[in-house]
Structure formats: structure tokens, C-alpha cells
Amino acid sequence: MIALLLLAQTALQPVRPVEPPAQSSIRDPLPDPVPQAAPEGPVLPLAEALAEMRRQSPDLAVALERVTQAQNNVQRAWATVKPTLTATGTLTHNSYSGAYIDYSRLSITDTGPNTQQGTLSFNWNIFNLRALPALQSAYQQVDVARLTETQQRRELLLSVASTYYAGLALKELAAVAARQAKATRDHAVEAQARYEAGLVQLSAALRARIDYLRADQETRRAQFNYAGSKSQLAALLDRRDTAFELAPPAQPPDEIRGAFKDLIARALEVRPEMAAARANEEIAARLKTDAWAQFLPTLALTANARYNHPVQASTIDQSTWAVALAITLPLYDGGFRYVALKDADSQMRQARAQTRGEAARIE
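Counting from 11, one number per residue, gives the positions in the sequence shown under our numbering.
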């Protein structure tokens with residue numbers, strides 16, 4: 011009974027407040043929590059971000075211009091097959107006066123120091139087997155450029171979507187970190203009050219303060235990472251500002267289902283980079299045809315019409331014309347054609363290796 015009375019008197023003793031040490035950081039006031047970042051602008055939906063990338067992405071614009079350049083190469087290939095027509099006019103002033111001798115009349119006519127000449131030339135390579143593989147490759151290079159543009163567009167869309175969802179995750183992480191920092195600060199304030207009341211040790215109050223400072227730094231880091239993700243998204247969209255906010259889409263993207271083996275096989279069949287690699291193999295195979303065509307002759311038709319004033323001594327008429335059919339057979343070119351055959355084999359091996367590399371990256 012006496013022991014119970016003594017224990018009750020001990021429990022009812024008043025709490026003695028504790029004065030913190032003079033050099034202790036517990037005396038410093040706790041910093042205010044990081045305020046939640048204000049919205050920099052309206053919400054940029056994911057669908058609008060993808061549409062903006064299609065309109066403004068410089069990388070996609072470069073890929074589209076390469077398609078146009080490939081189409082221009084088709085016209086260049088046709089230009090090697092079509093005939094050419096060239097007109098040339100010359101006006102010459104000599105330092106001396108010319109003369110024309112008419113042998114039929116045995117007379118000499120002074121033609122003056124000025125002469126005029128005009129030439130109209132028509133050239134057409136009728137037979138040139140190198141033009142056929144060049145045309146086929148030019149058309150196929152247009153397909154390769156379009157497939158490359160499709161691949162790059164898909165990669166850019168994937169980059170925008172992944173950056174957008176990463177930004178959403180960082181935004182939620184920043185909100186969670188802010189709430190955790192607030193709760194940790196309340197705990198630190200309570201721990202300091204309990205220490206000053208003499209209920210806990212100084213180490214416990216300091217530990218609670220350190221936990222809050224760490225949570226505050228984590229909140230700042232999360233907000234900075236969210237701002238960095240918006241900067242990355244703005245760079246992909248070719249924007250010069252980050253005056254927008256991210257929000258979860260109303261509907262999540264469709265989920266792709268299927269066996270892994272079937273998905274890999276389908277990707278190897280329909281992915282644009284694989285189709286482009288196979289087309290490059292066919293283009294490389296035509297280099298062999300082009301190399302063999304260099305051993306064959308070429309047939310060209312040439313027509314020229316000339317006008318001379320005054321009439322030259324070598325011709326009687328002012329207007330003359332000529333038509334020629336020329337066949338050219340290369341006999342020796344220093345071994346260039348044999349090098350072209352070796353280079354065609356090397357290009358074919360390179361194209362096949364690139365196809366295997368694309369398949370390995372997909373798998």
C-alpha cells in the first residue's frame with residue numbers, strides 16, 4: 011500500500027521544462043514547407059501534344075523533306091533517259107574584216123568584222139541498260155524514305171507519350187512529397203515541444219527535425235524534376251515555353267495482348283524499319299546489275315542544226331544540219347568496272363547485315 015502511494019506521488023510530479031543547449035540547432039526555427047507550384051498555364055492534353063508534335067516537330071519535317079528529295083531523284087533518273095535539246099547562239103566581233111570568196115563567180119565579198127552563229131543540238135541515249143536499274147532504285151528509294159518517315163514519326167510519338175506519362179508520375183510524386191513533408195514538419199514541431207517539456211531526449215527532437223529537412227529537400231527535388239520533364243516535352247514539341255500543365259488522359263491507351271513470340275513475329279513483318287531494310291537489300295542487289303551493264307555498249311542519236319552569217323568558206327549555205335547514230339563500247343577503263351562489281355557485292359553484304367541488325371534490335 012505504501013509503495014502504491016509513493017508511485018502515485020512520483021507520477022503526479024510536475025513536468026520540468028528543458029532549456030535547449032545554447033549551440034544546438036534545435037533553437038533555429040523550422041523552415042516553412044515548400045509551397046505547391048502554381049500552374050504555369052492551361053492543361054495540355056496528351057492528344058493535343060501528339061497533334062502538336064505532328065505539326066511542329068523539326069525532326070519530322072526533315073524526314074518529310076527527305077521523301078520529297080527522293081521523289082526529285084526519280085525525276086533525275088528519268089532525265090537520263092529522255093532526250094536533250096540545246097540551243098546556242100554566238101555573236102562575235104573580230105579585229106579584222108572577213109571576206110567571202112565566191113569561186114563560181116570568181117568574186118570576193120567583204121563580210122565585215124561581225125559574225126553570227128546559231129546551233130541547235132538534239133541528243134538521245136537510245137540504248138543504255140544502266141538507266142533501268144537506276145529508275146527502279148529511284149522509285150524504291152521513295153518507298154524507303156516514306157518508311158523511314160513513318161518509323162521516325164512513331165518514335166517521336168512514343169517519345170512524346172513516354173515523356174508525358176513520366177511528367178505525370180513526377181507531378182504526382184511532387185504532390186506526395188509535399189504532403190509527406192507537411193506531416194514530417196508537424197511531427198518535428200511536436201517532437202520539439204515534447205523535448206522542451208522534458209518528455210523526450212534531444213536526439214529524438216533532432217532526428218525529427220532532420221527527417222523534415224530531408225522531406226523538404228525531396229519535395230524541392232520532385233518539383234524540379236517535374237519542371238524538367240515539361241522542358242523535355244516542350245523541346246519535343248518545338249515550343250519555347252513551358253506555360254502548360256499535364257493531366258491524366260480521360261481514357262488510357264489500348265493494351266496490346268498476345269503471345270510474346272507472335273508479337274515478335276508480327277513486328278518483324280510489319281515494322282517500317284524492317285520493310286526499309288528489305289528494300290535496301292533489293293536496291294543493293296541492283297548495283298550488281300548496274301555494274302554488269304557498264305560492260306555493254308550504248309547507242310546514242312545526235313542531230314545538229316547550224317546557222318552561220320556570213321556564209322563561211324567551207325559551206326555554201328547559211329543553214330546546215332547533220333544526224334549521227336553513235337555506238338560506244340568501253341574496252342578498258344583502268345579496272346573501274348571490276349571495282350564496281352566488288353563494291354556491289356560489298357554493298358549487298360552490308361545491306362543484309364543491316365537487316366539482321368534491325369531484326370536483333372526488335373527482338
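C-beta atoms are modelled at their ideal positions from N, C-alpha and C, and glycine is treated no differently.
- Query: Quick one: any contact between the segment 332-339 and the segment 297-314, if contact means 3 or more CB pairs under 8 Å?
  - Reply: yes
- For Pro24, three-class secondary structure by DSSP: Position 14 of the sequence shown, counted from the start, is the residue given in the question as residue 24. For Pro24, the predicted model reports a pLDDT of 49, less than 50, meaning its position is unreliable; a value from the coordinates is still stated below. DSSP places Pro24 in the coil class of the three-state scheme, outside both helix and strand.
- Item | Contacting residues, own chain, Cβ-Cβ under 6 Å from Leu183 (five flanking each side not counted) | In the sequence shown, counting from the first residue as 1, residue 183 sits at position 173. Excluding positions up to five away in sequence, the list reads Ala232.
- Query: By DSSP, does Tyr5 sit in helix, in strand, or in coil?
  - Reply: Any property of residue 5 remains undetermined from this structure, which presents the chain solely from 11 to 373.
- Item | Residues of its chain near Thr96, where Cβ-Cβ distance is below 6 Å and the 5 sequence neighbours each way are ignored | Taking the first residue of the sequence shown as position 1, residue 96 is located at position 86. Hits under 6 Å: Ser131.
- Spatial neighbours of Gln242 within its chain, please: CB distance less than 6 Å, with the 5 preceding and 5 following residues excluded, ordered by chain position. For this step, residue 242 is matched to residue 232 along the sequence shown. Result list for Gln242: Thr173, in chain order.
- For Ala144, does the count of other Cβ atoms within 10 angstroms reach 16, so buried, or fall short, so exposed? By 1-based counting over the sequence shown, the position of residue 144 is 134. Counting Cβ neighbours within 10 Å, Ala144 comes out buried, since at least 16 surround it.
- Would you tell me roughly how many angstroms separate the C-alpha atoms of Gln360 and Lys352, rounded to the nearest one? As a first step, residue 360 is located in the sequence shown; it is residue number 350 there, counting from the start. As a first step, residue 352 is located in the sequence shown; it is residue number 342 there, counting from the start. Cα to Cα, Gln360 sits roughly 12 Å from Lys352.
- Please report how far the alpha carbon of Arg76 lies from the alpha carbon of Thr194, in whole angstroms. Position 66 of the sequence shown, counting from 1, holds the residue named residue 76. Position 184 of the sequence shown, counting from 1, holds the residue named residue 194. So the alpha carbons of these two residues sit roughly 57 Å apart.
- For Asn124, count neighbouring Cβ atoms within 10 angstroms of its own Cβ and tell me buried if that reaches 16, exposed if not. The residue given as residue 124 occupies position 114 in the sequence shown. Per the 10 Å Cβ criterion, exposed.
- Item | Distance CB(Glu368)-CB(Ala285) smaller than 7 Å | The sequence position of residue 368 within the sequence shown is 358, counting from 1. The sequence position of residue 285 within the sequence shown is 275, counting from 1. The answer is no: Cβ separation not under 7 Å.
- Task: Output the distance between the C-alpha atoms of Arg140 and Leu56, rounded to the nearest integer angstrom.
- Result: Taking the first residue of the sequence shown as 1, we reach residue 140 at position 130. Taking the first residue of the sequence shown as 1, we reach residue 56 at position 46. Rounded to the nearest angstrom, the two C-alpha atoms are 50 Å apart.
- Can we say the segment 253-263 touches the segment 190-206, given the rule of at least three CB pairs closer than 8 Å? No, the segment 253-263 is not in contact with the segment 190-206.
- Quick one: what's Arg316 bridged to in DSSP? As a first step, residue 316 must be located in the sequence shown, where it is residue number 306. Its beta-bridge partners are Thr129, Thr330.
- Item | Span of the alpha helix (DSSP H) around Gly238 | By one-based count along the sequence shown, residue 238 stands at place 228. From DSSP, the alpha helix (DSSP H) with Gly238 extends over 212-246.
- Report the option in Thr98, Thr121, Gln79 whose CA atom is closest to the CA atom of Asn104. On the sequence shown, position 94 is the one that residue 104 refers to. That would be Thr121, whose Cα lies nearest to the Cα of Asn104.
- Message: If contacts are defined as beta-carbon pairs under 8 Å, then Ala148 and Val84 qualify, I think. What distance do you get, rounded to the angstrom?
- Response: On the sequence shown, position 138 is the one that residue 148 refers to. On the sequence shown, position 74 is the one that residue 84 refers to. With 8 Å as the limit, Ala148 and Val84 qualify as a contact, their Cβ atoms being about 4 Å apart.
- Query: With DSSP run on the structure shown, which of helix, strand or coil describes Ile293?
  - Reply: For the purposes of this step, residue 293 is taken as the residue at position 283 of the sequence shown. Here Ile293 carries a helix assignment [DSSP, helix/strand/coil].
- Taking Asn133 as the reference, give the member of Ala275, Lys92, Val170, Asp343 with the closest Cα. If you number the sequence shown from 1, residue 133 lands on position 123. Looking at the Cα atoms, Lys92 is the closest of the given residues.
- DSSP three-state call for Glu283: helix, strand or coil? Translated into the one-based positions of the sequence shown, residue 283 becomes position 273. Correct three-state label for Glu283: helix.
- Item | Terminal residues of the alpha helix (DSSP H) in which Glu206 lies | Counted from its first residue, the sequence shown places residue 206 at position 196. Element bounds for Glu206: 141-206.
- Do Ala350 and Ala315 have their CB atoms nearer than 7 Å? Within the sequence shown, the letter at position 340 stands for residue 350. Within the sequence shown, the letter at position 305 stands for residue 315. No. Outside cutoff.
- Task: In the DSSP assignment, find the unbroken alpha helix (DSSP H) run with Ser356 in it and report its ends.
- Result: Taking the first residue of the sequence shown as 1, we reach residue 356 at position 346. Residues 346-372.
- Determine the burial state of Glu228: buried for a count of at least 16 other Cβ atoms within 10 Å of its Cβ, exposed for fewer. As a working note, residue 228 is residue 218 in the sequence shown. Per the 10 Å Cβ criterion, buried.
- Query: Would you call the segment 62-75 and the segment 157-173 touching, i.e. three or more CB-CB distances under 8 Å?
  - Reply: In short, these stretches touch, since the Cβ pair count reaches three.
- Could you pull out every residue in the same chain whose Cβ sits closer than 7 Å to the Cβ of Asp226, ignoring the five residues on either side in sequence? For this step, residue 226 is matched to residue 216 along the sequence shown. Here the set comprises Pro41, Pro43, Val44, Ala191.
- Message: By the three-class DSSP mapping on this structure, what secondary structure does Leu335 have?
- Response: Here the question's residue 335 lines up with position 325 in the sequence shown. Under the three-state reduction of DSSP output, Leu335 falls in the strand class.
- Could you tell me which residues DSSP puts in a beta bridge with Asn124? Residue 124 sits at position 114 when you count from the first residue of the sequence shown. Note: Asn124 sits in a beta bridge opposite His103.
- Item | Whole-angstrom distance between Trp331 and Asp6, CA atom to CA atom | The requested residue 6 does not occur in the structure, where the chain is confined to residues 11 to 373.
- Message: Please report the straight-line C-alpha distance between Ala21 and Ala48, rounded to a whole angstrom.
- Response: Here residue 21 refers to the residue found at position 11 when the sequence shown is read from its first residue. Here residue 48 refers to the residue found at position 38 when the sequence shown is read from its first residue. Confidence at Ala21 is low in this model, with a pLDDT of 47, below 50, so its placement is unreliable and no value can be given for it.
- Task: Could you pull out every residue in the same chain whose Cβ sits closer than 6 Å to the Cβ of Gln81, ignoring the five residues on either side in sequence?
- Result: Locating residue 81 in the sequence shown gives position 71, counting from the first residue. Same-chain partners within the cutoff: Val152.
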